[in-house]
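Trainee: Take a look at this one; I'll ask things after.
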Amino acid sequence: MKVIALGDSITQGFPFSTKESWVYYAAQELDLDIINQGICGDLTRDMLRRFQQDVVAYNATHVIILGGTNDAALGYPLAEVSTNFTVMVDMACRHDIIPILGLPIPFLVREEEVKLMSYRKWLQDNANRKRIWIVDFYAPFRAAIEAGTGMKLYADEVHPSVEGYQLMGKVAVENLRELIS
Numbered sequence: 021m022k023v024i025a026l027g028d029s030i031t032q033g034f035p036f037s038t039k040e041s042w043v044y045y046a047a048q049e050l051d052l053d054i055i056n057q058g059i060c061g062d063l064t065r066d067m068l069r070r071f072q073q074d075v076v077a078y079n080a081t082h083v084i085i086l087g088g089t090n091d092a093a094l095g096y097p098l099a100e101v102s103t104n105f106t107v108m109v110d111m112a113c114r115h116d117i118i119p120i121l122g123l124p125i126p127f128l129v130r131e132e133e134v135k136l137m138s139y140r141k142w143l144q145d146n147a148n149r150k151r152i153w154i155v156d157f158y159a160p161f162r163a164a165i166e167a168g169t170g171m172k173l174y175a176d177e178v179h180p181s182v183e184g185y186q187l188m189g190k191v192a193v194e195n196l197r198e199l200i201s
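Offset between the sequence shown (1-based) and our numbering: plus 20.
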């Protein structure tokens, strides 16, 4: 297996190094080759633009696509963001790469979270319809927020703390273990 994690700063591990990212944690825990292709500031259209060079060119067997947070921050409409995800999933399938969609963690700013929630719903519905694997990074963060312990999972209103990245890594491990077993 060769897994690519394609995303933005939340995949990259910002504001820390890639060694604190959920990708690094999952790769170490599973003893699996997971290549971190997260780039700070990327929109889903940027991820789509680099899909060929950052996923296909690596002869990946799987790609975890986690994005949309920056799109939500800038107010991009669901129609544009969903098209970007659809094209990335289609490209993966055309190249015999198994797509896995990540559900983004909650945005702690209400307006952006409302937009991101519409993306998440579309991702979940699309994944169910097309039988695509999902890694639900959202649910454990939402549960912690509702329990009043969510703030320790964030470094700021958007990015996870080291503890938040470890939680994301655990979620990825649980899902990938199921996939690779």
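Cβ coordinates follow ideal geometry from the N, Cα and C atoms, glycine included. Since the model is a prediction, treat every value here as computed from it, not as a measurement.
Determine the closest residue to A93 out of T64, K22, A46 and Q144, with distance taken between C-alpha atoms.
Mentor: The shortest Cα separation from A93 among T64, K22, A46 and Q144 belongs to T64.
Trainee: Hey, could you find the ends of the alpha helix (DSSP H) N195 is sitting in?
Mentor: Note, N195: alpha helix (DSSP H), V182 to I200.
Trainee: Measuring straight from C-alpha to C-alpha, what distance separates F71 and M108?
Mentor: Rounded to the nearest angstrom, the two C-alpha atoms are 7 angstroms apart.
Trainee: What residue range does the alpha helix (DSSP H) around I165 cover?
Mentor: Element bounds for I165: Y158 to E166.
Trainee: Just to confirm the assignment, what range does the alpha helix (DSSP H) spanning A80 have?
Mentor: From DSSP, A80 is part of no alpha helix (DSSP H); its letter is neither H nor E.
Trainee: I believe E177 touches L136 by the beta-carbon criterion, under 8 angstroms. Please report the beta-carbon distance rounded to the nearest angstrom.
Mentor: Wrong, their Cβ atoms sit about 12 angstroms apart, outside the cutoff.
Trainee: Per DSSP, what kind of secondary structure is G122 in: helix, strand or coil?
Mentor: The answer is strand: DSSP assigns G122 an E or B state.
Trainee: By the 10 Å Cβ neighbour count, where 16 or more other Cβ atoms means buried, how is I125 classified, buried or exposed?
Mentor: By the 10 Å Cβ count, I125 comes out buried.
Trainee: Indicate whether G184 and Y174 have their beta-carbon atoms separated by less than 7 angstroms.
Mentor: Yes, these two residues count as a Cβ contact at 7 angstroms.
Trainee: Once you ignore the five residues that flank L52 on each side, which residues in its own chain have a CB closer than 8 angstroms to its CB?
Mentor: Around L52: M21, V23, A46, L196 and I200.
Trainee: Buried or exposed, going by whether 16 or more other CB atoms sit within 10 Å of the CB of V134?
Mentor: By the 10 Å Cβ count, V134 comes out exposed.
Trainee: Return the bridge partner residues of W153 from the DSSP annotation.
Mentor: Its beta-bridge partners are I120.
Trainee: Suppose you measure from the CA of E131 to the CA of F105; what does that come to, to the nearest Å?
Mentor: One C-alpha to the other measures close to 22 angstroms.
Trainee: How is the beta strand (DSSP E) around A25 delimited, first residue to last?
Mentor: Per DSSP, A25 belongs to the beta strand (DSSP E) from V23 to G27.
Trainee: Ordered along the chain, which non-local residues of its own chain (more than five positions away) have a Cβ less than 8 angstroms from that of Y78?
Mentor: If we look at Y78 and ignore the five residues flanking it on each side, its Cβ neighbours are K22, I24 and I55.
Trainee: How many Å lie between T89 and V193 at the Cα?
Mentor: Roughly 22 angstroms between the two C-alpha positions.
Trainee: How about D28 and D62: do their beta carbons lie closer than 7 angstroms?
Mentor: Their beta carbons are under 7 angstroms apart, which means D28 touches D62 by this criterion.
Trainee: Return the Cβ separation of V83 and P35 in integer angstroms, given the expectation that the two are a contact with Cβ distance under 8 angstroms.
Mentor: Rounded, the Cβ-Cβ distance is 25 angstroms, inconsistent with contact.
Trainee: On the DSSP letters alone, give me the boundaries of the alpha helix (DSSP H) that A92 sits inside.
Mentor: Looking at the DSSP string, the run of the alpha helix (DSSP H) that includes A92 is T89 to A93.
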